[in-house]
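Novice: Below are the C-alpha cells for one structure; questions will follow.
In our numbering, the protein residues as written are 38 to 251.
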C-alpha cells in the first residue's frame, strides 16, 4: 500500500469545553485533502495523542475515514511506552478502519535497541496493516539506531519510518541499508528539502495545514 509523498500530521480540533470537535475534525480533514494531502495522520504527536482517551482516538479514525472515503488514506498513531497498551491501540485502530498505523518509539523508559526491536516486532505480529515507525528522540529520549531500523525493515509489515532525529548522516545510513521499498519520510518540515536530497520519499508535515499546495 502506497501512502504518497505528502502526509499531514493532523491537529486535533477541540470545542470550548475540551471535547473532540467532530465537525471541526471533518472540516479540517476536508481542507487537507483539498490542498494535496495524500494521507492524514491522526492521533500523532501533533494531534496530542498522549492526552487523548482511547475512545477519542477511535472516534478520530472513524471521522477521518468517513471524510476520506478513498480520496486519501488514514494512518493512526498508536504508540505508547507500554507494549501491551500499544498492541491494544493498534488493534482498536484497525477495527476502526485505519489504513495503517504509526508507532513511536517508547518514550521516557529509554529501552535498549534489542528491546525496541522486540517491541515493534510484537506490534507487527498483532495487526495486518502497514506500520510506519516513528523516531523522534527529542521527544521520546530514545533514538532508534540505523542498525535497528534495518533489522525491522526486513519484515514487510513495516512500510517505512518517519525520521525526526535531525541527523542527516543517520538518515542517509538508513536509506542506503534498508530494503528497496522501505520508505523514509521527513518528520521535520525544516529538514524536508535536505532529506529529499538524500533519498527520502516525502514528508509527514505539520506546515501542510496552511501550505499544503506549496
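No residue lacks a Cβ here, since even glycine has one placed at the ideal position from N, Cα and C.
Determine the DSSP secondary structure at residue 200, reduced to helix, strand or coil.
Specialist: Strand at residue 200.
Novice: Leaving out the 5 sequence neighbours to the left and right, which residues in its chain are closer than 8 Å to residue 110 when beta-carbon positions are compared?
Specialist: Here the set comprises 38, 40, 41, 75, 76, 77, 136, 137.
Novice: Do you know how far the Cα of residue 50 is from the Cα of residue 208?
Specialist: Taking the straight line joining both Cα atoms gives about 32 Å.
Novice: Would residue 225 pass as a contact of residue 244 if the rule is Cβ separation under 8 Å?
Specialist: Their beta carbons are not under 8 Å apart, which means residue 225 does not touch residue 244 by this criterion.
Novice: Provide the residue(s) that pair with residue 222 in DSSP beta bridges, ordered along the chain.
Specialist: DSSP lists 199, 239 as partners of residue 222.
Novice: Roughly how many angstroms separate the alpha carbons of residue 54 and residue 148, rounded to a whole number?
Specialist: So the alpha carbons of these two residues sit roughly 37 Å apart.
Novice: Going along the chain, which unbroken runs of the alpha helix (DSSP H) with 4 or more residues stay wholly within the region 65-108?
Specialist: You should have 91-105.
Novice: Does DSSP put residue 173 in a helix, in a strand, or in coil?
Specialist: The answer is coil: DSSP assigns residue 173 none of H, G, I, E or B.
Novice: To test your reading of the DSSP string, which unbroken alpha helix (DSSP H) runs of 4 or more residues are found completely within the region 127-179?
Specialist: Whole alpha helix (DSSP H) segments, 4+ residues: 150-163, 174-177.
Novice: Are there 16 or more other CB atoms within 10 angstroms of the CB of residue 85, so buried, or fewer, so exposed?
Specialist: Classification for residue 85: exposed.
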